[in-house]
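Residue 121 is where the sequence shown starts when you use the numbering used here, and the numbers rise one by one after that.
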Amino acid sequence: MKRVLTAPTSAEGPGVGLSGAIRPATAGAVARAEIEEDATERFVRLYRELFPPLYGYVRFRVGDVQVAEDLTALVFERALVRLATVREPERVRAWLFTIARNAIADHRRRRRPADDLEMAERLEHLWIDSPEGEALRRDEWRRLVSYLVELNDRERELIGLKFAAGLANREIGQVVGLSEANVAQIVHRAIVKLRRRFAAEEDVR
121 MKRVLTAPTS
131 AEGPGVGLSG
141 AIRPATAGAV
151 ARAEIEEDAT
161 ERFVRLYREL
171 FPPLYGYVRF
181 RVGDVQVAED
191 LTALVFERAL
201 VRLATVREPE
211 RVRAWLFTIA
221 RNAIADHRRR
231 RRPADDLEMA
241 ERLEHLWIDS
251 PEGEALRRDE
261 WRRLVSYLVE
271 LNDRERELIG
281 LKFAAGLANR
291 EIGQVVGLSE
301 ANVAQIVHRA
311 IVKLRRRFAA
321 EEDVR
């Protein structure tokens, strides 16, 4: 079933009612209501802050707009249920992107693997509304896409977390289970590969 993404405009959250009428019959009821309200406000802040980078990462990884919207909505649904279990605020971003990573993996297991041509076609669609698309001519974007397909999946994943989501290397490491140094090394290696491909093609022209 299609999930509808709507930006939260009030404490009610992203398209769903998250808090009901509070009837403080006892001190315990008041305390529980205050906790629920705090959790709701925390979720709304999280949604407003992290929806754009999380959706950007998911779309980079799956390509398809509708699938990206559905998976992003699913991620926030799961986050709403389990947000109270995250006690360290500085780990919330990495935790949310871990949920997204798992949702993407589940989606991929349910469908046949994409070949290079299909993957290139999906990535090419990102040109339409990406910041890179505004700066690059369409042919340059196609070249970049063809080079991204040549990277291995781990490199593409880290490139997505680094540039589509804007995560720091430390946060990326928390998401994928690597050290900050390993993340930096893999991202650097991927960028070097892309630069070499661009340079090699320019030399041929």
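Just so you know, even glycine gets a beta-carbon here, dropped at the ideal spot from N, CA and C.
Practice item. Note down, in chain order, each residue of its chain lying with its Cβ closer than 6 Å to the Cβ of Arg198, except the 5 sequence neighbours on either side. Key: What you label residue 198 is simply residue 78 of the sequence shown in a count that begins at 1. So the list reads Ile219, once near-sequence residues are dropped.
Check your understanding: Could you give the distance in angstroms between the alpha-carbon of His163 and the alpha-carbon of Pro209?
Key -> Numbered from 1 along the sequence shown, position 43 holds the residue referred to as residue 163. Numbered from 1 along the sequence shown, position 89 holds the residue referred to as residue 209. It should be noted that the sequence gives Phe, not His, for residue 163. Distance from the CA atom of Phe163 to the CA atom of Pro209, rounded to whole angstroms, is 12 Å.
Point to revise | Thr192, buried or exposed, once every other Cβ within 10 Å from all chains shown has been counted against 16 | key: Taking the sequence shown and counting its residues from 1, the one referred to as residue 192 is at position 72. Per the 10 Å Cβ criterion, buried.
Check your understanding: Going by the beta-carbon positions, is the gap between Ala159 and Ala204 smaller than 8 Å?
Key -> Along the sequence shown, read from residue 1 onward, the residue named residue 159 stands at position 39. Along the sequence shown, read from residue 1 onward, the residue named residue 204 stands at position 84. Yes, Cβ-Cβ distance for Ala159 and Ala204 is below 8 Å.
**Study point:** Local Cβ density within 10 Å of Gly183, reported as buried at 16 or more and exposed below that
**Key:** Taking the first residue of the sequence shown as 1, we reach residue 183 at position 63. Answer is buried; the Cβ neighbour count reaches 16.
**Study point:** Separation of Glu321 from Pro172, as counted between CA atoms
**Key:** Numbered from 1 along the sequence shown, position 52 holds the residue referred to as residue 172. Numbered from 1 along the sequence shown, position 201 holds the residue referred to as residue 321. Distance between the alpha carbons of Pro172 and Glu321: 33 Å.
Point to revise | Exposure label - Asn289; buried when at least 16 CB within 10 Å | key: Residue 289 sits at position 169 when you count from the first residue of the sequence shown. Label assigned to Asn289: buried.
Point to revise | DSSP-derived helix/strand/coil call for Glu208 | key: Here residue 208 is taken as the residue at index 88 of the sequence shown, counted from 1. Of the three classes helix, strand and coil, the one that applies to Glu208 here is coil, per DSSP.
Exercise for review: Grab the span of the alpha helix (DSSP H) containing Asp190 for me, first residue to last.
Suggested key: Sequence index remark: in the sequence shown, residue 190 carries index 70 (1-based). First-last of the alpha helix (DSSP H) with Asp190: 185 to 202.
Exercise for review: Could you spell out where the alpha helix (DSSP H) holding Arg274 opens and where it closes?
Suggested key: Residue 274 sits at position 154 when you count from the first residue of the sequence shown. From DSSP, the alpha helix (DSSP H) with Arg274 extends over 273 to 279.
Practice item. From the DSSP output, in three-state form, read off Arg230 for me. Key: Residue mapping note: residue 230 aligns to position 110 of the sequence shown, counting from 1. Coil at Arg230, not helix or strand.
Check your understanding: If you draw a straight line from the C-alpha of Ala225 to the C-alpha of Leu174, how long is it?
Key -> Taking the sequence shown and counting its residues from 1, the one referred to as residue 225 is at position 105. Taking the sequence shown and counting its residues from 1, the one referred to as residue 174 is at position 54. Ala225 and Leu174: Cα-Cα distance of roughly 15 Å.
Point to revise | Distance, Lys282 Cα to Arg231 Cα | key: Translated into the one-based positions of the sequence shown, residue 231 becomes position 111. Translated into the one-based positions of the sequence shown, residue 282 becomes position 162. Going by the C-alpha atoms only, they are around 26 Å apart.
Exercise for review: Can you say whether Gln294 is buried or exposed, counting buried as having 16 or more other CB atoms within 10 angstroms of its CB?
Suggested key: Numbered from 1 along the sequence shown, position 174 holds the residue referred to as residue 294. Under this definition Gln294 is a buried residue.
Point to revise | Proximity winner among Glu300, Val307, Glu291, Arg229, relative to Arg272 (alpha-carbon distances) | key: Counting from 1 along the sequence shown, the entry for residue 272 is found at position 152. For clarity, residue 272 is Asn in the given sequence; the question names Arg instead. Among Glu300, Val307, Glu291, Arg229, the Cα nearest to that of Asn272 is on Val307.
**Study point:** DSSP-derived helix/strand/coil call for Gly286
**Key:** For this step, residue 286 is matched to residue 166 along the sequence shown. The three-state reading of DSSP puts Gly286 in coil, since its state is none of H, G, I, E or B.
Review point. Quick one, which of Leu287, Val312, Arg316 has its alpha-carbon nearest Glu300's?
Key: Taking the sequence shown and counting its residues from 1, the one referred to as residue 300 is at position 180. Ranking the options by Cα distance to Glu300, first place goes to Leu287.
**Study point:** Buried/exposed call for Ala319, threshold 16 Cβ in 10 Å
**Key:** Along the sequence shown, one-based indexing puts residue 319 at 199. Burial call: exposed.
Review point. Nearest to Leu314 by alpha carbon, out of Arg276, Glu291, Ala304, Gly297?
Key: On the sequence shown, residue 314 is found 194 positions in, with the first residue counted as 1. Per the C-alpha coordinates, the member of Arg276, Glu291, Ala304, Gly297 positioned closest to Leu314 is Arg276.
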